[in-house]
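J.: So the protein sequences, as listed, match chains A and B. To convert, take the position in the first sequence, counting from 1, and add 255; that gives my numbering. To convert, take the position in the second sequence, counting from 1, and add 606; that gives my numbering. Even for Gly, the Cβ is constructed at its ideal location relative to N, Cα and C. Since we're looking at a predicted model, the values are computed, not measured.
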Amino acid sequence: MSESKALRTLSREKAFYFFTSIGNYAGESAASLEEFVKKILDVKIKSLEFHLYRGDFERWVADALEDNILAKKIRELKSSKPIGIDLRDRLYLLVSKYSEDLKKTGSSSTSFVKPRTTTVTFVRPKETTP
Amino acid sequence: MKNLKAFLSQAIDLKAKDGGVVLDDLDKAILRALQKNARQSYTEIGRSLNLAHSTIYDRIKKMENHGVIRRYTIMVEPKKAGLKLLTAVMTVVTEPKESERVAEQLADHPDVSEVYTSLSEELSIIAKVVAEDQESLHAFISNVVAPLPGVLRIRTAIITRKHKEENMSI
């Protein structure tokens, strides 16, 4: 199975830059999903709260990593309004598990898989002459 | 003017000193008059200083030629002109070897109006940025400034009120 797009390393321009508030860059960035997972543990909780509630994480995951499923999961996490250490733990768990699944299978176990279609051919019975 | 004769008797050539020029009291008086209103005619300035307009013309031309007067410009009131309203002062901490390049790249950007290099505890660049609102300010810093190689951290202060904005006093 080919490697998922979400596992590739991005250019500096497309990396995620962690801020603590408007215009205040904390000096941490992530240019891949793997790096992003590590940074969730490193950056200040204030930064995670700032970006989660602005919708920055889900936007970056959808636009730069091109993974709409993970973006949706992050959006769902946001709607449960976690804060503080709970937010860090849950975000880390969500993204690290998703990333591990992608590495193993090329797609997340929880991702939507289009069912294989089967073609049924109708065979007309031979007509018999009376 | 009290020392008028003394002014006129002085040679009006500006002397180079440490790469700069020496301005006498008359030059400074002309500069002050122009800072108040750069659209004044030589005659009007001459009248206010009790001098012939040709004297004013010579002095101004010499100051222009020596780069003392860099340009004539206007001060726009952004609010009344419906222009970008938000101004912020951004301090960008950089790796020393990349500092010059970061400063140049910031200076090239149309939304950056002033750029300075400062050496305090760390080498940093101070820049004045204008933006339509907080979101566009953040987008500029996040998409343009933070990705520049050598940028370590950025602190931004949004200006909420202007108490004074004047040219340097002469």
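Compare the C-beta of GLY282 of chain A against all C-beta atoms of chain B and say whether one is closer than 7 Å.
T.: To locate residue 282 of chain A, count along the first sequence from 1; it is residue 27. Output row for GLY282 of chain A: interface = yes.
J.: Using a beta-carbon distance below 7 Å, is TYR308 of chain A in contact with chain E?
T.: Among the chains of the structure shown, chain E does not appear; the protein chains present are A and B.
J.: Grab the span of the beta strand (DSSP E) containing TYR272 of chain A for me, first residue to last.
T.: By one-based count along the first sequence, residue 272 of chain A stands at place 17. Per DSSP, TYR272 of chain A belongs to the beta strand (DSSP E) from 271 to 276.
J.: Per DSSP, what are the beta-bridge partners of VAL764 of chain B in this structure?
T.: In the second sequence, counting from the first residue as 1, residue 764 of chain B sits at position 158. Going by the sequence as given, residue 764 of chain B is Ile instead of Val. In DSSP, ILE764 of chain B forms a bridge with B:ALA694.
J.: Spell out whether any CB of chain B is found under 7 Å from the CB atom of ILE277 of chain A.
T.: Taking the first sequence and counting its residues from 1, the one referred to as residue 277 of chain A is at position 22. Yes, ILE277 of chain A lies at the interface with chain B (some Cβ there is under 7 Å from its Cβ).
J.: How should LEU296 of chain A be labelled, buried or exposed, when 16 other C-beta atoms within 10 angstroms of its C-beta is the threshold for buried?
T.: Here residue 296 of chain A refers to the residue found at position 41 when the first sequence is read from its first residue. When all chains shown are included, LEU296 of chain A counts as exposed.
J.: Going by C-alpha to C-alpha distance, which of B:ASP630, B:GLU706, B:ILE731, B:ILE662 sits closest to THR762 of chain B?
T.: Counted from its first residue, the second sequence places residue 762 of chain B at position 156. Residue B:ILE731 is the option with its Cα nearest to THR762 of chain B.
J.: Excluding sequence positions up to five away, which residues of its chain have a Cβ less than 7 Å from the Cβ of ARG396 of chain A?
T.: Residue numbering for chain A in the displayed model covers 256 to 385; residue 396 of chain A lies beyond these limits and cannot be assessed.
J.: Taking the C-alpha atoms as reference points, what is the distance between GLU268 of chain A and HIS659 of chain B?
T.: For the purposes of this step, residue 268 of chain A is taken as the residue at position 13 of the first sequence. For the purposes of this step, residue 659 of chain B is taken as the residue at position 53 of the second sequence. Roughly 57 Å separates the two Cα atoms.
J.: State the start and end residues of the unbroken beta strand (DSSP E) segment that holds LEU729 of chain B.
T.: On the second sequence, residue 729 of chain B is found 123 positions in, with the first residue counted as 1. Run containing LEU729 of chain B: 729 to 737, per the beta strand (DSSP E) assignment.
J.: Rounded to the nearest angstrom, how far is the Cβ of THR697 of chain B from that of ALA709 of chain B, given a contact under 8 Å?
T.: Position 91 of the second sequence, counted from the first residue, corresponds to residue 697 of chain B. Position 103 of the second sequence, counted from the first residue, corresponds to residue 709 of chain B. Not quite, the Cβ-Cβ distance comes to about 12 Å (not below 8 Å), so this is no contact.
J.: Note down, in chain order, every chain B residue with its Cβ under 8 Å from the Cβ of ARG267 of chain A.
T.: Walking along the first sequence from the start, residue 267 of chain A turns up at place 12. The answer, in chain order, is PRO753, PRO755.
J.: Give the secondary structure of LEU725 of chain B by DSSP, where H, G and I count as helix, E and B as strand, and everything else as coil.
T.: Start at 1 with the first residue of the second sequence, and residue 725 of chain B comes out as number 119. Here LEU725 of chain B sits in strand by DSSP.
J.: Taking 6 Å as the limit between beta carbons, can you name the residues of its chain near VAL718 of chain B, skipping five residues before and five after?
T.: Mapped onto the second sequence, residue 718 of chain B falls at position 112. The answer, listed in chain order, is LEU712, ALA733, VAL735.
J.: Check for me: the alpha helix (DSSP H) holding ASN323 of chain A runs from which residue to which?
T.: By 1-based counting over the first sequence, the position of residue 323 of chain A is 68. Taken as a continuous stretch (DSSP letters only), the alpha helix (DSSP H) holding ASN323 of chain A covers 323 to 334.
J.: Roughly how many whole angstroms lie between the Cα atoms of SER335 of chain A and LEU754 of chain B?
T.: The sequence position of residue 335 of chain A within the first sequence is 80, counting from 1. The sequence position of residue 754 of chain B within the second sequence is 148, counting from 1. About 35 Å.
J.: Cβ of SER416 of chain A within 7 Å of Cβ of LEU357 of chain A?
T.: Nothing can be reported for residue 416 of chain A, as the shown portion of chain A is limited to 256 through 385.
J.: Whose CA, out of A:VAL298, A:GLY278, A:ALA286, lies closest to the CA of TRP315 of chain A?
T.: For the purposes of this step, residue 315 of chain A is taken as the residue at position 60 of the first sequence. Out of A:VAL298, A:GLY278, A:ALA286, A:ALA286 has the C-alpha closest to the C-alpha of TRP315 of chain A.
J.: Below 7 Å on C-beta distance, what does PHE305 of chain A contact in chain B?
T.: Against the first sequence, residue 305 of chain A aligns to sequence position 50. The contacting residues do not exist; PHE305 of chain A stays about 10 Å from chain B at best.
J.: Assuming contact is defined by CB atoms lying nearer than 7 Å, are PRO702 of chain B and LEU725 of chain B in contact in what I supplied?
T.: Indexing the second sequence from 1 puts residue 702 of chain B at position 96. Indexing the second sequence from 1 puts residue 725 of chain B at position 119. Cβ distance not < 7 Å, so PRO702 of chain B and LEU725 of chain B don't count as in contact.
J.: For the beta strand (DSSP E) that GLY652 of chain B lies in, which residues bound it at each end?
T.: Counting from 1 along the second sequence, the entry for residue 652 of chain B is found at position 46. Not the beta strand (DSSP E): GLY652 of chain B falls in the alpha helix (DSSP H), residues 648 to 655.
J.: Pop quiz: ARG677 of chain B and ILE776 of chain B are said to be a contact at Cβ under 8 Å. What is the actual Cβ separation, rounded to whole angstroms?
T.: Start at 1 with the first residue of the second sequence, and residue 677 of chain B comes out as number 71. Start at 1 with the first residue of the second sequence, and residue 776 of chain B comes out as number 170. Incorrect: roughly 16 Å between the Cβ atoms, too far for contact.
J.: Count the other CB atoms within 10 Å of the CB of GLY339 of chain A; is the residue buried (16 or more) or exposed (fewer)?
T.: The sequence position of residue 339 of chain A within the first sequence is 84, counting from 1. Answer is exposed; the Cβ neighbour count stays below 16.
J.: Please compile the residues from chain A whose C-beta is within a distance smaller than 9 Å of the C-beta of GLY743 of chain B.
T.: If you number the second sequence from 1, residue 743 of chain B lands on position 137. Before going further, note that residue 743 of chain B is Leu rather than Gly in the sequence given. Result: ILE277, GLY278.
J.: For GLY282 of chain A, report the span of its beta strand (DSSP E) as first-last.
T.: Taking the first sequence and counting its residues from 1, one reaches residue 282 of chain A at position 27. Counting along the chain, the beta strand (DSSP E) containing GLY282 of chain A begins and ends at 279 to 285.
J.: In chain A, what lies closer than 7 Å to ARG761 of chain B by C-beta?
T.: Counting from one through the second sequence, the residue named residue 761 of chain B turns up at place 155. ASN279, listed in chain order.
J.: Hey, TYR308 of chain A and SER748 of chain B: beta-carbon distance below 7 Å or not?
T.: Position 53 of the first sequence, counted from the first residue, corresponds to residue 308 of chain A. Position 142 of the second sequence, counted from the first residue, corresponds to residue 748 of chain B. No, the pair does not count as a contact, with Cβ atoms beyond the cut-off.
J.: What is the DSSP secondary structure of SER705 of chain B, counted as helix, strand or coil?
T.: Numbered from 1 along the second sequence, position 99 holds the residue referred to as residue 705 of chain B. Residue state, collapsed to three classes: helix.
J.: Would you call LEU689 of chain B buried or exposed, if buried means 16 or more other Cβ atoms sit within 10 Å of its Cβ?
T.: In the second sequence, the residue the question calls residue 689 of chain B occupies position 83. Label assigned to LEU689 of chain B: exposed.
J.: Give the interface partners of MET696 of chain B over in chain A, defined as CB-CB distance under 9 Å, in chain order.
T.: Taking the first residue of the second sequence as position 1, residue 696 of chain B is located at position 90. Per Cβ cutoff of 9 Å: GLY278.
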